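J.: In terms of full-length UniProt numbering, the first sequence has 258 at position 258, counting the first letter as 1, and numbering is strictly consecutive. Each residue gets a CB set at the ideal place from its N, CA and C atoms; glycine is no exception. All figures in this text were calculated on a predicted structure; none of them were measured in a lab.
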Amino acid sequence: MFDCRCLSTNLVSNGTMKSRRIEFGDINGVDDALSIYGLMIERKPLPNTRLFNNLLSRLVKLKQYTVAISLFRDISILGVSIDNYAMNIAINCYCNSHRVDFGFSMLAAFFKRGYMLDAATVSPLLKGLFQENRIAEAQNLFRKIVREELCEMNNIIFGVVVDGLCKAGNTAMAIQLLRVMEKGSCRPDTHKYNMIIDGLCKDKLLDSAMKLFDEMPHKGIDRDVFTYNVLINGLSTFGQWKEVKALWKEMIDCKIYPNVITFTTVIDALCKEGLVDKAHDLLNIMIQKIMFLL
DNA sequence: GTAGGGTTAG
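#1: I need the straight-line Cα distance from Gly-159 to Phe-213, nearest angstrom please.
#2: Considering only the beta carbon of each residue, do Ala-90 and Ile-77 sit closer than 8 Å?
#3: Assess contact between the segment 237–245 and the segment 192–211, defined as three or more Cβ pairs (one per stretch) separated by less than 8 Å. Is contact present?
#4: Taking the beta carbon of Val-260 as the centre, do at least 16 other beta carbons fall within 10 Å, making it buried, or is it exposed?
#5: Comparing alpha-carbon positions, which option in Tyr-37, Ile-41, Glu-42 and Lys-44 lies nearest Ser-57?
#6: What residue does the alpha helix (DSSP H) around Asp-26 start on, and which one ends it?
#7: Should Val-244 be labelled buried (16 or more other beta-carbon atoms within 10 Å of its own) or exposed?
#8: Between Asn-88, Gly-128 and Phe-111, which has its C-alpha nearest Asn-96's C-alpha?
#9: Which class does residue 339 belong to by DSSP, given the choice of helix, strand or coil?
#10: Let me make sure I understand the geometry here. Which of Leu-125, Ala-119 and Arg-113 has the alpha-carbon closest to that of Arg-99?
#11: Out of Asp-268, Thr-264 and Leu-275, state which residue places its alpha-carbon closest to the alpha-carbon of Met-286.
#12: Does the Cβ of Phe-292 have 16 or more other Cβ atoms within 10 Å, making it buried, or fewer, making it exposed?
#13: Go ahead and pull the three-state DSSP assignment for Ile-77.
#14: Could you check whether Thr-227 and Tyr-193 sit closer than 8 Å to each other, using their CB atoms as the reference points?
#15: For Asn-84 and Met-106, I'd like the C-alpha separation in whole angstroms.
#16: Arg-179 to Ile-232, Cα distance in whole Å?
#17: Under DSSP, the alpha helix (DSSP H) around Glu-152 begins and ends at which residues?
#18: Under a three-way DSSP split, which group does His-98 fall into?
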């Protein structure tokens, strides 16, 4: 845990800097963020909550979750008013540092202040539960949110749950969720199909993966290079070369061009199957493509 | 000038 008491060593304080507008664009690392924080807490009166939230969100983007939590605690002590944005940031930081229970424990204060749950509160909590492999709890929470209409649903919440279910090997439920989404206002998108197709391939359910892939155009969902890559990855892992070849041709016909991942996926699978000559041919094609670009 | 999500290889 980062200790705020060491902040004084990170201060860049002089008279001219103090009068200038705080610039967050210059933050490239945690040291920059702490320097700015040092300047902010020297100001009298203290900057408003939004400015501190801005700094906290920069730390989140830098994945400096424990530092952000320390600063969150520090500004509370300094008397900066804590709003729902700040609390959601702190909850997210706990969830991202495998301390989802701390995130939940913040909800008491959250409700006490009269704040309402929204997608920015619940999606990190759901994600945190899935990441800590607390799958049943995540599913129960999601069901409770839907059943009791605890917050407005959006595509991000569905994204967290589809991802969590797929990674937990529960692709059947992820597909069920896809069907629920089709009937509501948050429609499934390419990314969700890609996640499920990938999950199905990893569970060796290639037929189901192919089925989802086939239904995409009928449902008005565009396929992208990820869609082809995850499916090609699944098919080549299980030596289904005829299908891989067909997909390779199809993607080019659709002007979705194989990228470095497509090439390396197939080359890797060919090598593992002992088809080194074929892998070599593909490598040569790849080199020719690179030469063409140079 | 504020908060939340996700896919492929090695």
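T.: From the atom records:
#1: In the first sequence, counting from the first residue as 1, residue 159 sits at position 159. In the first sequence, counting from the first residue as 1, residue 213 sits at position 213. Roughly 18 Å separates the two Cα atoms.
#2: Locating residue 90 in the first sequence gives position 90, counting from the first residue. Locating residue 77 in the first sequence gives position 77, counting from the first residue. In this structure, Ile-77 does not lie closer than 8 Å to Ala-90 by Cβ.
#3: yes
#4: Here residue 260 corresponds to residue number 260 of the first sequence, with the count starting at 1. It is exposed - the Cβ of Val-260 has fewer than 16 other Cβ atoms within 10 Å.
#5: In the first sequence, counting from the first residue as 1, residue 57 sits at position 57. Cα-wise, what sits closest to Ser-57 is Tyr-37.
#6: For the purposes of this step, residue 26 is identified with residue 26 of the first sequence, where counting begins at 1. That residue, Asp-26, is in no alpha helix (DSSP H); it is neither H nor E in DSSP.
#7: By 1-based counting over the first sequence, the position of residue 244 is 244. Under this definition Val-244 is a buried residue.
#8: The residue labelled residue 96 in the question sits at position 96 within the first sequence. Distances from the alpha-carbon of Asn-96 to those of Asn-88, Gly-128 and Phe-111 put Gly-128 closest.
#9: Outside the modelled stretch of the chain, which goes from 1 to 294, sits residue 339, for which no answer is possible.
#10: As a working mapping, residue 99 is identified with position 99 in the first sequence. Answer by Cα proximity: Leu-125.
#11: Translated into the one-based positions of the first sequence, residue 286 becomes position 286. With distances taken between Cα atoms, Met-286 lies closest to Thr-264.
#12: As a working mapping, residue 292 is identified with position 292 in the first sequence. So Phe-292 ends up on the exposed side.
#13: Translated into positions along the first sequence, residue 77 becomes position 77. Note: Ile-77 maps to helix in three-state DSSP.
#14: Residue numbering aside, residue 193 sits at position 193 when the first sequence is read from its first letter. Residue numbering aside, residue 227 sits at position 227 when the first sequence is read from its first letter. It is a contact, given that the beta carbons lie within the stated cut-off.
#15: As a first step, residue 84 must be located in the first sequence, where it is residue number 84. As a first step, residue 106 must be located in the first sequence, where it is residue number 106. Straight through space, the alpha carbons of Met-106 and Asn-84 are spaced by roughly 11 Å.
#16: Here residue 179 refers to the residue found at position 179 when the first sequence is read from its first residue. Here residue 232 refers to the residue found at position 232 when the first sequence is read from its first residue. The alpha-carbon atoms of Arg-179 and Ile-232 are separated by roughly 25 Å.
#17: Along the first sequence, read from residue 1 onward, the residue named residue 152 stands at position 152. In the DSSP assignment, Glu-152 falls outside any alpha helix (DSSP H), carrying neither H nor E.
#18: Against the first sequence, residue 98 aligns to sequence position 98. Coil.
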